[in-house]
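2 protein chains.
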Amino acid sequence: MSEIKEIEGGILAAEGYCAASMCVGVKPNATKRDLTMIKSEMPATVVGVFTRNKVKAAPVKWDMEVVAHGLASAVVVNTGIANAATGKQGLENCKIEAEAVAEALGVSEKEVLVGSTGVIGPQLPMDKITGGIKELAGKLVSAKDGADVAKAEAHEAALAIMTTDTQPKEIAVSFEINGVTCKIGAMCKGSGMIHPNMGTMLGYLLSDLSIDHELAQKLLRAVVERTFNMVSVDGDTSTNDTVLWLCNGLSGNEKITAATLGISLDDIDESGDTDMSTLGNEAYRTLYRALYTVCLYLAKNIAKDGEGATRLFTAKVIGAPDYETAKTLAKSVITSSLTKAAIYGRDANCGRIFCAMGYSGAEFDPDKVDITMSSKEGSITMIEQGMLPEFSEEEALKILTPDEITAVCDLHAGSFEAEAWGCDLTHEYVTINADYRS
Amino acid sequence: MSEIKEIEGGILAAEGYCAASMCVGVKPNATKRDLTMIKSEMPATVVGVFTRNKVKAAPVKWDMEVVAHGLASAVVVNTGIANAATGKQGLENCKIEAEAVAEALGVSEKEVLVGSTGVIGPQLPMDKITGGIKELAGKLVSAKDGADVAKAEAHEAALAIMTTDTQPKEIAVSFEINGVTCKIGAMCKGSGMIHPNMGTMLGYLLSDLSIDHELAQKLLRAVVERTFNMVSVDGDTSTNDTVLWLCNGLSGNEKITAATLGISLDDIDESGDTDMSTLGNEAYRTLYRALYTVCLYLAKNIAKDGEGATRLFTAKVIGAPDYETAKTLAKSVITSSLTKAAIYGRDANCGRIFCAMGYSGAEFDPDKVDITMSSKEGSITMIEQGMLPEFSEEEALKILTPDEITAVCDLHAGSFEAEAWGCDLTHEYVTINADYRS
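Chains as they are written, first to last, in our numbering: chain U, 1 to 438; chain W, 1001 to 1438.
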């Protein structure tokens, strides 16, 4: 496997992308940038993973069509209003947006992705948005304007798509596929795994790879299952969740197909239940690792930046008889409100973790379970063979104080493992969500 | 159907039961009563419904054996320590407790039910508990000591089994079966649908009915599915959850069997998915309604008294194609942290309810959904055919202010309906659970 290097430049790190953002005032009196546009020099192969919620926001429906069509030339994203529960008018507004972008950039409207995040219900202020689109078309910045200028604009875009996020989330990596340097630049927003009001999680991966559409779609879904789908802030699942991966081919690599990776398409388990990091040839393993690195970084940062959160909380289940069991248990632990409140309180309360395992639905023998809490301050076993051993409360408090805490749950029943990421449940979460709309 | 009359007397309302409670100091420095004993004059037919959590507390395992045996003569319950994650010693302590009760009351140890609720992990202080059992045996009070004395002692018992509950939960009803007056007295504790630390929900129904064991077991399970199992405070499920129904036959009714109710045992759907209120003859309908009334009252009061809660929040799904769909949607709505936080904030935010329906897994057409919020102040439609209509924020705030709020979600797809009960998510919930043990 070739090395995966973390590089600067965020979403403008890969070849052939430009971006700009501005404040158009989607919400009255807004001063923060709330409209972002991205353009690819060449139509890019596009794949996506979307919310499984039955209630899908209009932009999700629109983007699913674009992904089915297979090519994207531009993206436009607004914050403030989610364009969800907006009926036919909502879908019509997606079309108007796409037409405005198509006209401003000289691309096909069928190749324009639209994204929205914010309050459910209201219609978008289309005059402001189409006006903004025209203005942004003249302001697009790329690496050709200088690395520092591009890096700054990419950072502004990561800020502009934020809602209740407190930190922008961006990353870029470079790696070699058969001697050709390729890059993926990415950003996302999301600070609850979902907010019906917020349309939570929007992720954009912009790469200069040339890759087969079906292969890219399957790879993205499999990686999302092991990264974004292993994160929970509050157990809810949004109407707007979207991850899109664009591949414009401008790195000049030979088009990647299943054959060039030494696999067949059927080898890719889109459920995420199979460990796919070790399949295929070196090119496969490099590509998989690059995609996984980007998605994992963004996913963990969503968990860490959960609404009101003060701690990243990782549940790692080991010694499981299969991956499914490990995954079910890890997700149950990070989703438990009681566990999350205990992590907030630095309360050495592994009974809650043990209990959340118990009601997960997974099969395991409680009498064999060990649970160890760890952080940079050390580690301490708090459940041993299903029972509470003696331990120092003082030591436990020290270990539970840092801002990244991991619970390792060992089933002693096999060699499979899974990790899931969440955050603590705080007073601030309640404050944010008791009156989000105001 | 004969009338179901609400009467006074709590758990001592039915014939042939006596009870007492005291403070033995399960937790050091405790001043509140923490040990309760109940005795039935005659061995009672006993049935029960227990937690489905894989991690079962020792008293749950013990009581499952007693229920399988079929007869109970006494109950002993402590708060402070849950006797969960306590291994073989924990089970041995259940036996020691039962033996102490058996000796003190002259009953068989196999007919002694034990209950514990409190912190997970520590072993029970057996000297204090067995000492308390001896003392309580001399203090038992029944209706023979006077209705007011019995009523007061029953109330003390309902207080003594509380943990983070703010209100005792007790009810008693009388009804006629074929001309014979029968009674059920009941109490429960629980202020989160579950607290791994708390062993949440303990419910005791004491009746003077004579009834077939298998019939009673099936009826209780079916009713629990439609009452206690439709409540959620925080989505967690305890290691200790237990509902027990004792029937000592002292009302003098002819033994109730499926035949005397005009049904067959197979008619009883223990999943709760069939409406069973209209089966059988008048005796059946009276008995079902009495049991349902008691369980529903206790369940709703658990929701209302959820940790830190300020509001009872009911989700009623109507117009569903089947009960299963209605149930799944109603439970998803009351479990959503975002919805619960909005109810706390009196935020007219039906997008969150709509979204929680969307990710429930149930099939429905979002474009047909209406959602109406109601309280004693009136009602207001906030989602209409899947979209947000114009409404007065002022009016909405008025309607969302009382302490009982209902969301009615109409699917317009059939005639089935289901109700579920929860509460709001408050700052106080986080405070309680961030440091429960101290």
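Note that beta-carbon positions come from the ideal geometry of N, C-alpha and C, so glycine has one too.
First through last residue of the beta strand (DSSP E) which encompasses residue i
i, result
"residue 1406 of chain W", "1404-1410"
"residue 188 of chain U", "180-189"
"residue 177 of chain U", "169-177"
"residue 153 of chain U", "Element bounds for residue 153 of chain U: not the beta strand (DSSP E) but the alpha helix (DSSP H), 147-160."
"residue 263 of chain U", "Neither: residue 263 of chain U is in no beta strand (DSSP E) and is coded neither H nor E."
"residue 1039 of chain W", "1035-1050"
"residue 207 of chain U", "202-207"
"residue 1446 of chain W", "This structure leaves residue 1446 of chain W out entirely; chain W is present only between 1001 and 1438."
"residue 1242 of chain W", "1242-1247"
Pair within 8 Å by beta-carbon distance, residue i and residue j
i, j, result
"residue 84 of chain U", "residue 239 of chain U", "yes"
"residue 48 of chain U", "residue 67 of chain U", "yes"
"residue 433 of chain U", "residue 1348 of chain W", "no"
"residue 23 of chain U", "residue 59 of chain U", "no"
"residue 1062 of chain W", "residue 1119 of chain W", "no"
"residue 1020 of chain W", "residue 1205 of chain W", "no"
"residue 1326 of chain W", "residue 1259 of chain W", "no"
"residue 261 of chain U", "residue 287 of chain U", "yes"
"residue 1028 of chain W", "residue 1081 of chain W", "no"
"residue 187 of chain U", "residue 241 of chain U", "no"
"residue 353 of chain U", "residue 380 of chain U", "no"
"residue 312 of chain U", "residue 409 of chain U", "no"
"residue 222 of chain U", "residue 269 of chain U", "yes"
"residue 1444 of chain W", "residue 1375 of chain W", "Because chain W spans 1001 through 1438 in this model, residue 1444 of chain W falls outside it and cannot be assessed."
Endpoints, the alpha helix (DSSP H) within which residue i is located
i, result
"residue 2 of chain U", "Per DSSP, residue 2 of chain U belongs to no alpha helix (DSSP H) and is neither H nor E."
"residue 1428 of chain W", "1427-1434"
"residue 220 of chain U", "213-226"
"residue 1286 of chain W", "1282-1304"
"residue 231 of chain U", "Run containing residue 231 of chain U: none; DSSP gives neither H nor E here."
"residue 64 of chain U", "58-69"
"residue 12 of chain U", "No alpha helix (DSSP H) holds residue 12 of chain U; DSSP gives it neither H nor E."
"residue 1399 of chain W", "1393-1399"
Length of the line joining the Cα atoms of residue i and residue j
i, j, result
"residue 1165 of chain W", "residue 55 of chain U", "37 Å"
"residue 1377 of chain W", "residue 387 of chain U", "51 Å"
"residue 359 of chain U", "residue 1052 of chain W", "7 Å"
"residue 1194 of chain W", "residue 1088 of chain W", "Only weak support is given to the placement of residue 1194 of chain W: the predicted model assigns it a pLDDT of 44, under 50, and the question is left unresolved by the model."
"residue 178 of chain U", "residue 34 of chain U", "40 Å"
"residue 401 of chain U", "residue 346 of chain U", "6 Å"
"residue 197 of chain U", "residue 70 of chain U", "Any answer about residue 197 of chain U is weak, because its pLDDT of 37 lies below 50 and its placement is not dependable; what the coordinates show is given next. Distance between the alpha carbons of residue 197 of chain U and residue 70 of chain U: 29 Å."
"residue 1373 of chain W", "residue 1384 of chain W", "12 Å"
"residue 9 of chain U", "residue 203 of chain U", "16 Å"
"residue 1013 of chain W", "residue 1007 of chain W", "8 Å"
"residue 1001 of chain W", "residue 321 of chain U", "54 Å"
"residue 1045 of chain W", "residue 1208 of chain W", "10 Å"
"residue 38 of chain U", "residue 315 of chain U", "36 Å"
"residue 250 of chain U", "residue 307 of chain U", "38 Å"
"residue 199 of chain U", "residue 305 of chain U", "With a pLDDT of 42 at residue 199 of chain U, under the threshold of 50, the modelled position of this residue cannot be trusted, and the question is left open."
"residue 430 of chain U", "residue 412 of chain U", "37 Å"
"residue 339 of chain U", "residue 331 of chain U", "12 Å"
"residue 40 of chain U", "residue 272 of chain U", "30 Å"
"residue 1102 of chain W", "residue 1109 of chain W", "5 Å"
"residue 1173 of chain W", "residue 394 of chain U", "51 Å"
"residue 1469 of chain W", "residue 1072 of chain W", "For residue 1469 of chain W there is no data in the structure shown, the boundaries of chain W being 1001 and 1438."
"residue 1427 of chain W", "residue 428 of chain U", "8 Å"
"residue 1424 of chain W", "residue 1004 of chain W", "31 Å"
"residue 285 of chain U", "residue 292 of chain U", "10 Å"
"residue 1129 of chain W", "residue 1079 of chain W", "11 Å"
"residue 1133 of chain W", "residue 1309 of chain W", "34 Å"
The ligand NAP heavy atom lying under 7 Å from the CB of residue i
i, result
"residue 1433 of chain W", "Only the bare structure without any ligand can be found here, which leaves the ligand NAP out of the picture."
Rounded Cβ spacing between residue i and residue j (contact assumed at less than 8 Å)
i, j, result
"residue 150 of chain U", "residue 143 of chain U", "4 Å"
"residue 189 of chain U", "residue 171 of chain U", "Between residue 171 of chain U and residue 189 of chain U the Cβ distance is about 13 Å, and since that is not below 8 Å, they are no contact."
"residue 1216 of chain W", "residue 1247 of chain W", "6 Å"
"residue 1074 of chain W", "residue 1026 of chain W", "Not confirmed; about 19 Å, so no contact."
"residue 280 of chain U", "residue 256 of chain U", "Actually they do not touch by this definition, with Cβ atoms about 11 Å apart."
"residue 232 of chain U", "residue 335 of chain U", "5 Å"
Cβ of residue i within 8 Å of any chain B Cβ
i, result
"residue 83 of chain U", "Absent here is chain B; the protein component of the structure consists of chains U and W."
What are the complete beta strand (DSSP E) segments, minimum 3 residues, inside the region 83-135 of chain U? 112-119
For the region 1332-1379 of chain W, which segments carrying the beta strand (DSSP E) assignment without a break, of at least 3 residues, lie completely within its bounds, in sequence order? 1370-1375
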